[in-house]
């Protein structure tokens, strides 16, 4: 298993059945599949997990964003936290089985989240992104500062195309998180393969399991 990670994240707009169809087609090339749905009910999120499972995505690749209760109840791999969520140490103390990620936006926040027991971080947005219109990207220099400040994995998010994967890895990222780069691609499976090839290296070029 390559130590780098490719995370696929739902965009909050796409029907979860459609997201599950795409995730099912590409999950062999990705490390994690996130249900990130701020406007969905708990029942809808649970149904989204059912859709993923029906498409062949294994539980050990599924992450629920924010809803620790749903993640624990359904037995998925992990939970990803935002600034408004519970703190990582609270989650780790109550739900030790879950892998806990946290979105961060500064070196200070990254250091604090590591101290609180986060297992990995997501930092961005690194490049201009259609999901963050009008907001200045943080760039590779800030990514490098964050990566150098912690010892846990840092995933880069925001405008990362397959052609830019090498630059974020060189800046210290352990992986990338992708939304539209796969979800909005004309051929999501081919897009996922291109990301995997760029991230995991030549030895993974023909692999169907990361």
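In our numbering, the protein residues as written are 276 to 485.
Glycine included, each C-beta is placed from N, C-alpha and C at the ideal position.
DSSP, reduced to helix, strand and coil, places residue 384 within a helical segment of the structure shown. Residue environment: residue 312 is assigned as buried (16 or more neighbouring CB atoms within 10 Å of its CB, all protein chains considered).
When secondary structure is reduced to three states using DSSP, residue 280 falls in the strand class.
Taking 7 Å as the cut-off, the beta carbon of residue 286 is found closer than this to the beta carbon of residue 458.
Per the DSSP secondary-structure output, residue 289 pairs with nothing in a beta bridge.
In the structure shown, the three-state DSSP call for residue 307 is strand. Counting only unbroken stretches of 4 or more residues, the alpha helix (DSSP H) elements lying wholly within the stretch 317-353 are 317-329, 343-349, in sequence order. Rounded to whole angstroms, the gap between the alpha carbons of residue 310 and residue 339 is 5 Å. A Cβ-Cβ separation of about 5 Å places residue 463 in contact with residue 297 under the 8 Å criterion. Within the same chain, 389, 395 come within 6 Å of residue 427 by CB-CB distance, once the 5 residues on both sides are set aside. Bounds of the alpha helix (DSSP H) holding residue 475 are 463-475. The Cβ atoms of residue 331 and residue 353 do not sit closer than 7 Å to each other.
Judged by DSSP secondary structure, residue 375 falls within the beta strand (DSSP E) whose first and last residues are 374-379. Per DSSP, reduced to three states, the secondary structure at residue 451 is strand. Looking at the backbone, the Cα of residue 447 and that of residue 358 are separated by about 23 Å. Cβ atoms of residue 450 and residue 282 come within 8 Å of each other, at about 7 Å.
In the structure shown, the three-state DSSP call for residue 294 is helix.
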